[in-house]
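Scroll down for the structure; my scribbles are underneath it.
Numbering (UniProt numbering), first residue to last: 1 to 76.
Shown next, in the form of structure tokens:
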């Protein structure tokens, strides 16, 4: 799954987010901000951020949509 294939109104599970993070970290498109899909729980966002490779200070930005989804952006 790539970020282009993720519907913007779908919440990813923590496992799906971790897999997406691994793919982005292994790609050539590193050193920039990446949308990591939407999540339905702040705990899922934290689980993805803390998975390998772990986000360091300043490498995660997120907010909340009116529909309850949480869109994290990670610097990878």
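Note that the Cβ used here is the ideal one computed from N, Cα and C, for glycine as well.
Residue i versus residue j - alpha carbon distance
i	j	result
residue 3	residue 36	7 angstroms
residue 56	residue 20	17 angstroms
Boundaries (first-last residue) of the beta strand (DSSP E) holding residue i
i	result
residue 79	With the chain covering only 1 through 76, there is no way to say anything about residue 79.
residue 34	33 to 35
Three-state class that DSSP yields for residue i in the structure shown
i	result
residue 20	helix
residue 164	The question about residue 164 has no answer, for the chain in this structure spans 1 to 76.
Same chain, Cβ closer than 6 angstroms to residue i, neighbours up to 5 away in sequence not counted
i	result
residue 76	24, 25, 30, 34
Residue span of the alpha helix (DSSP H) that contains residue i, given as start and end
i	result
residue 44	42 to 49
Proximity below 8 angstroms, CB of residue i to CB of residue j
i	j	result
residue 18	residue 51	yes
residue 12	residue 39	yes
Residue i CB to nearest heavy atom of the ligand FMN below 7 angstroms
i	result
residue 51	Questions concerning the ligand FMN fall outside what the structure shown contains, since it holds no ligand whatsoever.
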